[in-house]
Structures are given as structure tokens and as C-alpha cells.
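2 protein chains.
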Amino acid sequence: MEKVETSLFDGVTDEEYARMTECFKTTLKTHRKGEEVAMPPGRVGVVHRGRISLMKTDESGVRTIFEQLGEGGVFGSMLGIAGGDTGFFLIAEEDCDVLYVDYDHIMKRCPNACTYHSTIVRNLVRLMAEKTQALSEHLEVLSHRTTREKLLAYFRLLAAKTHSQYFTLPFSQTNLADYLCVDRSAMLRELAGMHRDGLVEVDRRNVKLNLHKSQG
Amino acid sequence: MEKVETSLFDGVTDEEYARMTECFKTTLKTHRKGEEVAMPPGRVGVVHRGRISLMKTDESGVRTIFEQLGEGGVFGSMLGIAGGDTGFFLIAEEDCDVLYVDYDHIMKRCPNACTYHSTIVRNLVRLMAEKTQALSEHLEVLSHRTTREKLLAYFRLLAAKTHSQYFTLPFSQTNLADYLCVDRSAMLRELAGMHRDGLVEVDRRNVKLNLHKSQG
DNA sequence: CTTTGTTTGTTGTATTTGCAACACAGGCAT
DNA sequence: ATGCCTGTGTTGCAAATACAACAAACAAAG
Chain A
289 MEKVETSLFD
299 GVTDEEYARM
309 TECFKTTLKT
319 HRKGEEVAMP
329 PGRVGVVHRG
339 RISLMKTDES
349 GVRTIFEQLG
359 EGGVFGSMLG
369 IAGGDTGFFL
379 IAEEDCDVLY
389 VDYDHIMKRC
399 PNACTYHSTI
409 VRNLVRLMAE
419 KTQALSEHLE
429 VLSHRTTREK
439 LLAYFRLLAA
449 KTHSQYFTLP
459 FSQTNLADYL
469 CVDRSAMLRE
479 LAGMHRDGLV
489 EVDRRNVKLN
499 LHKSQG
Chain B
289 MEKVETSLFD
299 GVTDEEYARM
309 TECFKTTLKT
319 HRKGEEVAMP
329 PGRVGVVHRG
339 RISLMKTDES
349 GVRTIFEQLG
359 EGGVFGSMLG
369 IAGGDTGFFL
379 IAEEDCDVLY
389 VDYDHIMKRC
399 PNACTYHSTI
409 VRNLVRLMAE
419 KTQALSEHLE
429 VLSHRTTREK
439 LLAYFRLLAA
449 KTHSQYFTLP
459 FSQTNLADYL
469 CVDRSAMLRE
479 LAGMHRDGLV
489 EVDRRNVKLN
499 LHKSQG
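Just so you know, the sequences run in chain order A and B. Add 288 to the 1-based position in the first sequence for the numbering used here, that's all there is to it. Add 288 to the 1-based position in the second sequence for the numbering used here, that's all there is to it.
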């Protein structure tokens with residue numbers, strides 16, 4: 289199999305990668321847009337191409353988007369996202385490829401003390417750190433009490449990441465409401481109010497944030 | 289220095305640990321209850337004894353508790369919790385000892401390919417996974433729209449962890465409100481309502497959750 | 001014991017929110 | 001074109017919430 293360019297394998301030579309796939313039982317799976325992505329117990333998934341949403345639907349049908357996994361995004365029950373009975377699931381936002389690796393194969397001491405093995409583990413720490421960052425950012429957004437503050441916090445985050453007051457939302461407005469954990473109509477009402485106050489201009493997924501007015 | 293019993297050093301022999309401290313520049317610091325715990329850039333902190341709260345105060349003085357770090361809890365800017373200008377800080381909830389280790393020393397390839405080195409990195413993956421879990425749980429709680437649902441979600445979590453409908457809150461009610469990101473008085477009002485409905489009984493930090501009524 | 005500061009508990013009110021219901025535009029396949 | 005589905009917008013209203021202000025219980029320190 290050809291070497292997969294994922295940050296999990298940064299610093300691993302092609303030759304090492306070839307030997308690794310034998311020992312690691314890696315699997316590469318393709319998922320169509322809209323399909324549910326499997327979360328096999330005991331395995332670590334790495335997004336190789338596309339985008340995946342980690343979400344949950346509660347008893348009363350309320351949907352929440354917890355995390356968007358871009359390329360390099362990792363998931364798996366062993367990595368802290370409870371899999372199975374907790375109602376979490378993954379949906380492919382676009383066509384995507386996912387690489388699955390056995391968690392134990394990564395974490396157990398390698399009998400032949402291969403150097404690339406520890407490289408993988410170090411890369412995993414880095415990917416986990418990125419995940420932590422994403423979750424912290426989400427928490428920071430949700431920590432605000434009003435819809436307006438949540439919107440501004442999230443918009444400021446996107447503006448900072450793109451170094452611009454113009455940016456594009458990574459999902460639809462409907463999904464944005466699910467990410468902010470607010471009612472969609474309430475969010476739209478608030479967006480209208482923010483537009484009246486000259487804070488933002490929103491057209492579909494395109495946002496212009498007036499930084500000076502929103503005290504950035 | 290005597291070996292510190294932290295999960296970061298699980299599987300490391302005393303002898304290895306001795307050699308390690310030389311190469312790793314580990315530092316053990318003690319903090320008094322209520323003190324701010326330093327978050328030095330480029331270092332990883334591990335809670336060895338006590339409890340630490342990771343929190344934030346925004347412009348308007350609203351405090352939010354993001355995470356409670358118990359023994360084994362890790363933090364550091366390299367691990368995804370933005371340090372510095374983002375307003376995050378750590379407060380010792382009790383007297384505590386914190387072990388600091390250079391991130392680079394953990395993550396860089398060891399010149400003398402020591403086996404214990406990779407053990408540390410693997411342990412770090414595990415600790416990061418626990419962090420991810422804690423953050424996900426917090427997100428799950430905050431994802432609920434009403435104060436009552438947030439309280440129930442959090443209480444069910446604690447009940448599940450202690451395998452009992454009786455449990456003790458890890459912080460004061462005031463701090464609980466900051467963790468749930470709701471107004472304290474609104475929370476108390478809701479708690480009174482839940483008590484009227486026979487869902488819970490709360491006395492100081494002691495909670496009894498009536499699982500059957502709260503549809504668990 | 002007294003003081004000081006924190007935690008717990010209560011209430012009124014203006015504002016915000018969730019909910020439900022509806023209308024309309026755009027994409028997409030038939 | 002036609003129907004179907006999803007995303008976008010809007011509004012009324014009952015309910016929940018933030019905010020502010022206050023009182024009492026409790027803990028820690030002098």
C-alpha cells in the first residue's frame with residue numbers, strides 16, 4: 289500500500305511505513321458524504337481526507353456538534369471520546385478517507401524496539417494536543433451565557449485563525465446553531481440584531497466581522 | 289530526588305527515574321490553596337498531589353471553570369490549553385504539588401534511545417486521553433440548553449462515576465454555577481424547583497439524585 | 001468572642017431564549 | 001417542469017434566564 293500522508297506518520301520513512309503496515313494492521317476506509325463513519329472499539333481513526341463531524345443526538349432529538357475533524361483529526365474510544373452507548377456518532381461532511389490503526393499496536397512496547405514506533409506515539413501526542421485545543425475553543429465559546437456573546441466569541445476565533453475580518457463558516461447556519469447549542473431561530477434573531485447594531489454582516493456562510501465595534 | 293509517583297512515570301523503574309531527572313530538568317513545585325499555579329511556556333505540568341482548577345475570567349468579570357485537574361492531570365500550552373494572552377489561569381483548590389517537565393525533552397528523539405523515554409510518551413498519550421474525556425464530558429453537559437438539563441446531565445455523570453445516587457460535588461455551589469456557565473441564583477432557583485419535583489436533594493456539597501424520576 | 005470573608009439562599013424584573021409554526025429560496029433528481 | 005429536501009428567514013408567546021440586590025449561615029483568622 290502506498291504511504292498515507294497523515295501527520296500521524298510524520299518523520300517516518302517510506303521504508304519504515306511499509307514494514308509498519310504489516311505489524312500495525314492499518315486499514316484505509318472511504319466514506320461518502322453524509323454517511324456515518326464507524327468508530328470501532330480499540331482502534332484509532334485518523335482523518336486522511338475530507339471532514340467529519342463528531343455529534344450527538346439526545347433523547348428529545350436535539351442535535352449537537354461537538355467537534356469538526358479536519359485532515360489529521362483523530363478519534364476513537366481509547367482517546368477519550370466515549371464510543372458506544374453515549375449517543376456519540378460521526379458523520380462525513382464530505383467524501384473522506386479514514387485510516388484506522390490498532391490502539392494497542394501503537395501503545396504496546398514493540399518487541400523489536402523500532403524507532404519509528406516511538407515516532408508514531410509522539411505524533412499522536414501532537415494530534416491529541418490539537419484535539420484538546422479544538423475542544424477547549426468550543427468550551428470557551430459555549431462558556432458565554434448569551435447567544436450574541438457565543439456568536440461573537442466564535443466569530444472572533446475564526447477571524448483570528450484566518451487573520452481577517454472576512455471568513456467563511458465551516459458549516460451551514462443550521463449546523464452553526466447546533467455547534468453553539470442554541471435554538472436556530474433564536475440565533476437568527478440575534479444575528480439580525482447584531483446586523484442592526486453594525487457588528488456583523490452575514491450572507492450564507494460568508495461573514496464579515498466588524499472588529500472595532502465588537503471590541504476586538 | 290525520590291521518585292514521584294505520577295502516572296506519567298508508570299512503568300519506569302526507580303533506577304531509570306534517577307537517570308531521567310538528570311536529563312529531563314524536572315521540577316517539583318508546591319502551591320498553597322488559593323494560589324495561582326504557574327503555566328510556564330514550553331513545559332508540561334502534572335498534578336502530583338491536590339486539585340487545580342483551570343479557569344478563565346472574561347472582560348466583564350464572568351468566571352468560568354473549564355476543568356478540574358486531579359492527581360495525574362496534565363496542563364501546558366503545548367498540550368492545547370492556550371497559555372498567556374487568552375485569559376486562562378490555574379488556581380490551586382487545595383495545597384498541591386506540581387511536577388514540571390520540559391515538553392521538548394519528552395518529545396524530542398532521545399540521543400541514547402532510552403526505553404523509558406518512550407514509556408513516558410505513551411503515558412502522556414494516556415493522560416491526554418483522560419483530559420480529552422474530561423473536556424468532552426464538560427462539553428456534553430454544556431450542550432444542554434436549560435439549567436435543569438445541565439444540572440441533571442452533570443449529576444448523572446457523577447452518579448455514574450461513583451456508582452451511586454449519592455455523591456459529593458467536587459466544588460462549592462458557587463463554583464458549580466461557574467462550571468455549568470449559568471447564573472448562580474438562576475441555578476439555585478432551578479435546584480429548588482427540581483427539589484419540589486422530587487428529582488434531587490441537595491445539601492451543601494452532598495447530592496442525592498433520584499434516578500428513576502430523572503429518567504436514568 | 002469578634003471580625004472578616006465566603007458560601008448559601010431568596011426575590012423582583014427586564015431580557016433572552018426555546019418552541020412551534022409558517023413562508024420562501026435554492027439544489028437536485030426524476 | 002415537477003416534486004422533494006435542505007437551508008434560510010420571520011414572528012408570537014410562554015417559559016427560562018441574567019442581573020442586581022439583599023439576608024442569613026458558616027468558616028477561618030485574629
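Using N, Cα and C, we set each Cβ at its ideal position, and we do this for glycine too. None of the values given here were measured: they were computed from a predicted structure.
Asked: 3-residue-minimum beta strand (DSSP E) runs that sit fully inside the stretch 349–421 of chain B, ordered along the chain; Found: 351–357, 376–380, 384–390
Asked: CB-CB length for Ser-406/A against Ser-406/B, believed under 8 Å; Found: 4 Å
Asked: Backbone CA spacing between Asn-463/B and Leu-439/B [nearest angstrom]; Found: 13 Å
Asked: Interface flag, Phe-459/A vs chain B, CB-CB below 8 Å; Found: no
Asked: 7 Å Cβ shell around Arg-331/A - same chain, five flanking residues per side excluded; Found: Gly-364, Tyr-388, Val-389, Asp-390, Tyr-391
Asked: Contacts of Thr-420/A in chain B (Cβ-Cβ under 9 Å); Found: Leu-367, Gly-368, Ile-369, Met-416, Lys-419, Thr-420, Leu-423
Asked: Straight-line gap, Cys-311/A to Lys-396/B (C-alpha atoms, nearest Å); Found: 24 Å
Asked: CB contact check: Ser-431/B to chain A, cutoff 8 Å; Found: yes
Asked: Contact check, Asp-385/B vs Arg-337/B, beta carbons under 8 Å; Found: yes
Asked: Val-334/A versus Val-409/B - alpha carbon distance; Found: 19 Å
Asked: Beta-carbon contacts of Glu-324/A that lie in its chain and below 7 Å, excluding the five residues immediately before and after; Found: Phe-377, Leu-378, Ile-379
Asked: Nearest-angstrom Cα separation, counted from Met-308/B out to Lys-344/A; Found: 43 Å
Asked: 7 Å Cβ shell around His-432/B - same chain, five flanking residues per side excluded; Found: Lys-438, Ala-441
Asked: Alpha-carbon to alpha-carbon, Pro-329/B and His-319/B; Found: 18 Å
Asked: Span separating the alpha-carbon of Ala-465/A from that of Val-413/B; Found: 32 Å
Asked: Cys-302/A in three-state terms, based on DSSP; Found: The question names Cys, but residue 302/A is Asp in the sequence shown. Here Asp-302/A sits in helix by DSSP.
Asked: Short CB-CB distance (under 8 Å) between Met-395/A and chain B; Found: yes
Asked: Within chain B, partners of Val-409/A - CB distance below 8 Å; Found: Ser-406, Val-409, Arg-410, Val-413
Asked: Supposed close pair Met-327/A, Ala-417/B - CB separation, criterion 8 Å; Found: Going by Cβ atoms, the distance from Met-327/A to Ala-417/B rounds to 15 Å, so no, they are not a contact pair.
Asked: Test: Leu-296/A CB closer than 8 Å to a CB of chain B; Found: no
Asked: Which of helix, strand or coil DSSP assigns to Val-470/A; Found: coil
Asked: Status (buried if at least 16 other CB within 10 Å, exposed otherwise) for Gly-535/B; Found: The structure shown does not extend to residue 535/B, since chain B spans only 289 to 504, so no value can be given for it.
Asked: Proximity below 8 Å, CB of Leu-445/B to CB of Val-495/B; Found: no
Asked: Bounding residues of the alpha helix (DSSP H) (the contiguous stretch that carries Arg-436/B); Found: 435–450
Asked: Proximal residues of chain A, C-beta to C-beta of Thr-352/B below 7 Å; Found: Ser-431
Asked: Residue burial classification, Ala-474/B (beta-carbon count within 10 angstroms, cutoff 16); Found: exposed
Asked: Within-8 Å CB hit, His-483/B to chain A; Found: no
Asked: In DSSP terms, what Asp-491/B is bridged to; Found: Asn-494/B
Asked: Assumed close pair Gly-361/B, Ile-340/B - CB separation to whole angstroms, cut-off 8 Å; Found: 7 Å
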